[in-house]
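In this note's numbering, the protein residues as written are 24 to 95.
Beta carbons are placed, not taken as given, at the ideal position from N, Cα and C, and that holds for glycine.
Here is the structure we will look at, set down as structure tokens.
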């Protein structure tokens, strides 16, 4: 088989999580979504923003990034 420049794509099957948040956190998430809409002129639901927020948080945590096994 020929070798391609593009590596095999990773699994992109979405996984649905159900979480419970405090009223205070819910309010902050709604406020963040409102500020996002004001900043970018595009409304996004909290459920659309949370995965990006979690990914940004995890990618910015240096200790977490260092402790992850390579290649994952």
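Approximately 13 Å separates the beta-carbon atoms of residue 77 and residue 55; this is outside 8 Å, ruling out the contact. The three-state secondary structure of residue 44, taken from DSSP, is coil. The Cβ atoms of residue 52 and residue 69 lie closer than 8 Å to each other. Straight through space, the alpha carbons of residue 66 and residue 59 are spaced by roughly 7 Å.
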